[in-house]
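Colleague: Before I ask anything, let me first share the structure, which is written out below as structure tokens.
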Amino acid sequence: MSHRMYLYNLSGTEVIANESEETTMPLASYGVNNKDVRMMMEWKYELPLLFHPLFNGSMTIAPPVYNGNEGGIYAPAAPGIEAFRTLYDFIEKHQNTLIDDIAAFQEAKTKIFTWFSRKVIHPTFHLDAWDVFNMSDEEHDTQAEELIAFIHANNKALVAAIVADNPVLLDTCPYFQEPGNYFKTFRQLLNEPSYQFGWSILASGMSGDEDELQVFSEGELKGLKDADGNEIVAAIYEEIYGYPYCVDLAVVMRGGKAGYIDRSGREVIPCVFDDAYDFEDGYAAVVSNGRFGLIDTTGNFKLPAIYDDGHVLSSTAIAVQQDSLWGIIDIDGQLLLPFQHVKEIIAEQTYAFTYYKLVGHQQEESWYTHAFKPLVNGPVSTIACFGAYYIITKDDRATLMDAQGNVLLGEDYLHIRAEEQLNALIVQSAAGTGLYIPEKGWILPCMYEAIFPLEDANPEEDGTVYAVVKENKKAGLFAVGANSRWIKAPGYQQFRWLKKDLLAYQENKLWGCMDATGHLLTDATYTSINSKFGYLLYGLALGFHNDGIDVLEEDEIIRDFQSVEAQNELNDYPQACYSKKEIQQLKQLAKSAEKALAYFEEAQAYKEQQQYKKAMDLFRHSAELGNPAALTSVGHTYEVVYNDLGKAFAYYWQAAQRGEVYAMCNLGLAYQYGRGTAMDIPAAIGWFQKAADLKHVDAHLYLGDIYYHSTFNVVDYDKALFHYSKAYLLQEQPVADAIGHIHEIKQDYEQAVYYYRVAADSGNAFAKWRLACLYMDGNGVETDLEKALQLLHEAVAEQAEAHLDLVAIYMSADYYDEEKAGMHLAAAENAEVPDVATYKARYEILWKGRR
Numbered sequence: 017m018s019h020r021m022y023l024y025n026l027s028g029t030e031v032i033a034n035e036s037e038e039t040t041m042p043l044a045s046y047g048v049n050n051k052d053v054r055m056m057m058e059w060k061y062e063l064p065l066l067f068h069p070l071f072n073g074s075m076t077i078a079p080p081v082y083n084g085n086e087g088g089i090y091a092p093a094a095p096g097i098e099a100f101r102t103l104y105d106f107i108e109k110h111q112n113t114l115i116d117d118i119a120a121f122q123e124a125k126t127k128i129f130t131w132f133s134r135k136v137i138h139p140t141f142h143l144d145a146w147d148v149f150n151m152s153d154e155e156h157d158t159q160a161e162e163l164i165a166f167i168h169a170n171n172k173a174l175v176a177a178i179v180a181d182n183p184v185l186l187d188t189c190p191y192f193q194e195p196g197n198y199f200k201t202f203r204q205l206l207n208e209p210s211y212q213f214g215w216s217i218l219a220s221g222m223s224g225d226e227d228e229l230q231v232f233s234e235g236e237l238k239g240l241k242d243a244d245g246n247e248i249v250a251a252i253y254e255e256i257y258g259y260p261y262c263v264d265l266a267v268v269m270r271g272g273k274a275g276y277i278d279r280s281g282r283e284v285i286p287c288v289f290d291d292a293y294d295f296e297d298g299y300a301a302v303v304s305n306g307r308f309g310l311i312d313t314t315g316n317f318k319l320p321a322i323y324d325d326g327h328v329l330s331s332t333a334i335a336v337q338q339d340s341l342w343g344i345i346d347i348d349g350q351l352l353l354p355f356q357h358v359k360e361i362i363a364e365q366t367y368a369f370t371y372y373k374l375v376g377h378q379q380e381e382s383w384y385t386h387a388f389k390p391l392v393n394g395p396v397s398t399i400a401c402f403g404a405y406y407i408i409t410k411d412d413r414a415t416l417m418d419a420q421g422n423v424l425l426g427e428d429y430l431h432i433r434a435e436e437q438l439n440a441l442i443v444q445s446a447a448g449t450g451l452y453i454p455e456k457g458w459i460l461p462c463m464y465e466a467i468f469p470l471e472d473a474n475p476e477e478d479g480t481v482y483a484v485v486k487e488n489k490k491a492g493l494f495a496v497g498a499n500s501r502w503i504k505a506p507g508y509q510q511f512r513w514l515k516k517d518l519l520a521y522q523e524n525k526l527w528g529c530m531d532a533t534g535h536l537l538t539d540a541t542y543t544s545i546n547s548k549f550g551y552l553l554y555g556l557a558l559g560f561h562n563d564g565i566d567v568l569e570e571d572e573i574i575r576d577f578q579s580v581e582a583q584n585e586l587n588d589y590p591q592a593c594y595s596k597k598e599i600q601q602l603k604q605l606a607k608s609a610e611k612a613l614a615y616f617e618e619a620q621a622y623k624e625q626q627q628y629k630k631a632m633d634l635f636r637h638s639a640e641l642g643n644p645a646a647l648t649s650v651g652h653t654y655e656v657v658y659n660d661l662g663k664a665f666a667y668y669w670q671a672a673q674r675g676e677v678y679a680m681c682n683l684g685l686a687y688q689y690g691r692g693t694a695m696d697i698p699a700a701i702g703w704f705q706k707a708a709d710l711k712h713v714d715a716h717l718y719l720g721d722i723y724y725h726s727t728f729n730v731v732d733y734d735k736a737l738f739h740y741s742k743a744y745l746l747q748e749q750p751v752a753d754a755i756g757h758i759h760e761i762k763q764d765y766e767q768a769v770y771y772y773r774v775a776a777d778s779g780n781a782f783a784k785w786r787l788a789c790l791y792m793d794g795n796g797v798e799t800d801l802e803k804a805l806q807l808l809h810e811a812v813a814e815q816a817e818a819h820l821d822l823v824a825i826y827m828s829a830d831y832y833d834e835e836k837a838g839m840h841l842a843a844a845e846n847a848e849v850p851d852v853a854t855y856k857a858r859y860e861i862l863w864k865g866r867r
């Protein structure tokens, strides 16, 4: 079963009980004429991020309209449509940065908002996720609450990017942090072909008649109406062909003659032809006075009607008959294939090319390449294309030819198959199977039992792909790419791709782990190895064995998987990632997690009561049952209660080695400031980065501090900005002042103004001071000394540097006040503000000059 989400635009009103209050929420009464409900989307597993802004207003949970009885999500349409349009306008503004195919985006955007203006007319959006919610044992209403929070968080990040006018911030959407998410950046998602910039999402909910125009009959004549029944064209034609499927012009017949009308019903090409066909690529075939020709959209002949018969083969080739002979010409009438005695000419389409079959009067066949070069004579079983090459199967033999008809592989081969994943040809001969790439020749000779792509494997960054090669019933692994090579010679049972640069191998029915070079990271000791498709939060992969579960870490480190970690995996749709046997092992390991957490909560209570010995004992019991957070708490107690930094460091180390994210951060802080160990900034960065990779917000904050403050001698404002932005947007960490300062340093003043204002609104004195300086200099804002003066007075009590800027304003012509300037200069001198002596000398000279 395919699990889908459904999006509707609804009308009608009912009262929904929403906890303790009643909310009036429009619902649907399912209408046969689509006036009461409009399906907008039927999409697998998700509401795509591009459509999250549609739920920009307050959301309500109530029974779905069509599926089940709980977990439906409702929101007012008006604010959603406004937010949706704002996002697309923002994308358009930054299309040179965000879009690969700008013309395609513009076309999709026009289609989307034209459709919205015509179809999205009801006051409510309704998201029905019943199918998807059924994948979990959790209550549907609870899942709906989680989904609403997720949508809110993503919308918040989208709005922040738009307000800051910074498309880079689109990547901070929590959507991109979700485990298992294929998309890592907004640009990658936006240019995904299956989304078609959002149009495919809308098209998924269309019923097939969205072009609206419908043919109606009155007696034997036909006319045209729109979806609301309004008459567009009176019933004056014998036939109307094309609607509702034609895009621009439809064929009509009147008085036995053919012409064309547009979507408004205007007859743009008169009914003067004996017959006419649909327009394709700007041209249409017509029959005039019994002769075949081509016209353009204005009705002018592109190809004169001088041929006995004809038909369009492709956008560049037309088959035409003259005096019982058939040939192929282009749209300019140039001869591509000479006229000859054949019964018909047929165009055959492949993934890459159109090629042509000429059928003789005795049914004999001749085949030509797309370049009109001879390909093969006589019947063939199949013709397939591989790039610029043709694979021809005939009489149980296969041949490979290039586009000019030259033979690359003759009839010595039983089968040739294009393997797109390997970007190569798998060739079978009497001697065995080999691998061939036309531009390179033989990659592997025809001597193996079988060759096939490694299942589920993604290409590496350099384009390398993996092939499994069977020889003597043993499997080897071969890398196909710029540097094709053996990774492992045949000698194994099978291989599996785990994640980038990581693979599993099977030997004696057990599994081990290796890297992409073939270096074995573990022996084959596991009944299975699972990386959750590369999105496991704990290390590289999990190794399942009869006695438990291991975490395979980097640097060939192996540790025990913890019971609490196993419980977390069971809460995260395990059936989508693990086998039944693996789930059973996770459940077995997780049994002690509940007791471990109970010990942990009890220990926390004792710690709050300052009964530290009892707390420490219970924390240790919790850790023994598989809760590494308890070790972190022991370390924290040693640090803040007993001031024993050495023991604190030792417990943080133990917990971090078991994957505990807070311990990783505390280790980073220990290395950053030399607490319980020697100061080691690279080690601090390493541990913070491990925690950040596990989506720990504080780790981003600490990394931002290291890269921002010169104290640590690794200043990197780009890295600082990245990590501060993550911390700010994910949990509203109070770092807007630092973000603004980095933008100011980078001379991106408009961004600096935005973040300084955010920080200033929360009372940050530094931000008020720097924002005042921007107002003084007119950087990112219009010069406004009044606003600058106000901000400086608000900041000066905490930010002594503001005294000198107040001196500068009170020495200016509009605000000159020698007494106030002197007072602030003295205050700056008393506060030992840097460079105060330079200011003092300068202004004393000015004052003497005035006196």
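With my numbering, the residue at position 232 of the sequence shown is 248, and numbering never jumps. The beta carbon of each residue, even a glycine, is placed where N, CA and C say it ideally should be.
(1) I'd like the ranges of any alpha helix (DSSP H) spanning at least 4 consecutive residues and lying wholly in the region 198-225.
(2) Need the endpoints of the alpha helix (DSSP H) that Thr398 sits in, please.
(3) Below 8 angstroms on the Cβ atoms is my contact criterion, and I expect Ser608 with Gly642 to pass it. Report the Cβ-Cβ distance as a whole number of Å.
(4) Which first and last residues belong to the alpha helix (DSSP H) in which Cys789 is found?
(5) Are the beta-carbon atoms of Gly306 and Pro320 separated by less than 8 angstroms?
(6) Is Pro750 close to chain C? Criterion is C-beta to C-beta, closer than 8 angstroms.
(7) Taking Cβ positions, are Thr449 and Ala473 nearer each other than 8 angstroms?
(8) Tell me the rounded alpha-carbon separation between Asp339 and Ser397.
(9) How would you write the range of the alpha helix (DSSP H) that Val774 sits in, first residue to last?
(10) Which class does Lys486 belong to by DSSP, given the choice of helix, strand or coil?
(11) Is it a yes or a no for the region 244-259 touching the region 206-222, going by three-plus beta-carbon pairs under 8 angstroms?
(12) State the DSSP-derived secondary structure class of Ser741, mapped to helix, strand or coil.
(13) With 16 other CB atoms within 10 Å as the buried threshold, where does His138 fall?
(14) Round the Cβ separation of Pro190 and Ala169 to the nearest angstrom and send it over; I've been treating them as touching at under 8 angstroms.
(15) Helix, strand or coil: which one does DSSP assign to Lys318?
(16) If you measure between the beta carbons of Phe132 and Ile97, is that distance less than 8 angstroms?
(17) With burial defined as no fewer than 16 other Cβ atoms inside 10 Å of the residue's Cβ, what is the status of Trp527: buried or exposed?
(18) Taking the Cβ atom as the reference point for each residue, do Arg279 and Leu229 lie within a distance shorter than 8 angstroms?
(19) Please classify Leu605 as buried or exposed, where buried requires at least 16 neighbouring CB atoms within 10 angstroms.
(20) For Tyr508, tell me which candidate among Lys516, Met530, Lys515 and Gly315 has the shortest Cα-Cα distance.
(21) For Ile761, count neighbouring Cβ atoms within 10 angstroms of its own Cβ and tell me buried if that reaches 16, exposed if not.
(22) Could you check the C-alpha separation between Thr113 and Gln705 for me, to the nearest Å?
(23) Which one of Thr126, Gly796 and Gly84 has the shortest CA to CA distance from Tyr104?
(24) When DSSP labels each residue in this structure, what does Pro506 get in the three-state scheme?
(25) Can you check the region 604-635 for any alpha helix (DSSP H) of at least 4 residues that lies completely inside it and give the ranges in chain order?
(26) What residue range does the alpha helix (DSSP H) around Ser382 cover?
(27) Specify, as a first and last residue, the run of the beta strand (DSSP E) that Leu186 falls within.
(28) Can you tell which of Glu860, Gln815 and Tyr826 has the C-alpha that lies nearest to the C-alpha of Ala844?
(29) Indicate whether Leu23 and Gly221 have their beta-carbon atoms separated by less than 8 angstroms.
(30) Which of the three DSSP states, helix, strand or coil, is assigned to Gln356?
(31) Exposed or buried, what is Val48 when buried is set at 16 or more other beta-carbons lying within 10 Å of its beta-carbon?
(32) What did DSSP end up calling Gly651 once you bin it into helix, strand or coil?
(33) Applying the criterion that 16 or more other CB atoms from any shown protein chain within 10 Å of the CB defines a buried residue, is Leu43 buried or exposed?
(34) Below 8 angstroms, can you find three or more Cβ-Cβ pairs linking the region 233-240 to the region 81-88?
(35) If we require 4 or more residues per run, which alpha helix (DSSP H) segments fall completely within the region 278-323?
(36) May I ask whether a heavy atom of the ligand NAP can be found less than 7 angstroms away from the beta carbon of Asn780?
Modeller: According to the structure shown:
(1) 202-206 and 215-219
(2) From DSSP, Thr398 is part of no alpha helix (DSSP H) but of the beta strand (DSSP E) over Thr398 to Phe402.
(3) 6 angstroms
(4) For Cys789, the enclosing alpha helix (DSSP H) starts and ends at Ala781 to Asp793.
(5) no
(6) Absent from the structure is chain C; it holds one protein chain and no more.
(7) The answer is no: Cβ separation not under 8 angstroms.
(8) 32 angstroms
(9) Tyr765 to Asp777
(10) strand
(11) Fewer than three pairs of CB atoms, one per stretch, sit closer than 8 angstroms, so the region 244-259 makes no contact with the region 206-222.
(12) helix
(13) buried
(14) 5 angstroms between Cβ atoms; contact.
(15) strand
(16) yes
(17) Burial call: buried.
(18) yes
(19) buried
(20) Met530
(21) exposed
(22) 28 angstroms
(23) Thr126
(24) strand
(25) 609-624
(26) Taken as a continuous stretch (DSSP letters only), Ser382 belongs to no alpha helix (DSSP H), being part of the beta strand (DSSP E) at Glu381 to Tyr384.
(27) No beta strand (DSSP E) contains Leu186, which DSSP labels as neither H nor E.
(28) Gln815
(29) yes
(30) Of the three classes helix, strand and coil, the one that applies to Gln356 here is strand, per DSSP.
(31) Confidence at Val48 is low in this model, with a pLDDT of 30, below 50, so its placement is unreliable and the value that follows should be read with caution. Flag for Val48 reads exposed.
(32) helix
(33) Because Leu43 sits at a pLDDT of 41, beneath the cut-off of 50, its placement in the model cannot be relied upon, and the following sentence gives the value as read from the coordinates. Buried: at least 16 other Cβ atoms inside 10 Å.
(34) no
(35) none
(36) In terms of ligand content, the structure shown is empty, and the ligand NAP therefore cannot be addressed.
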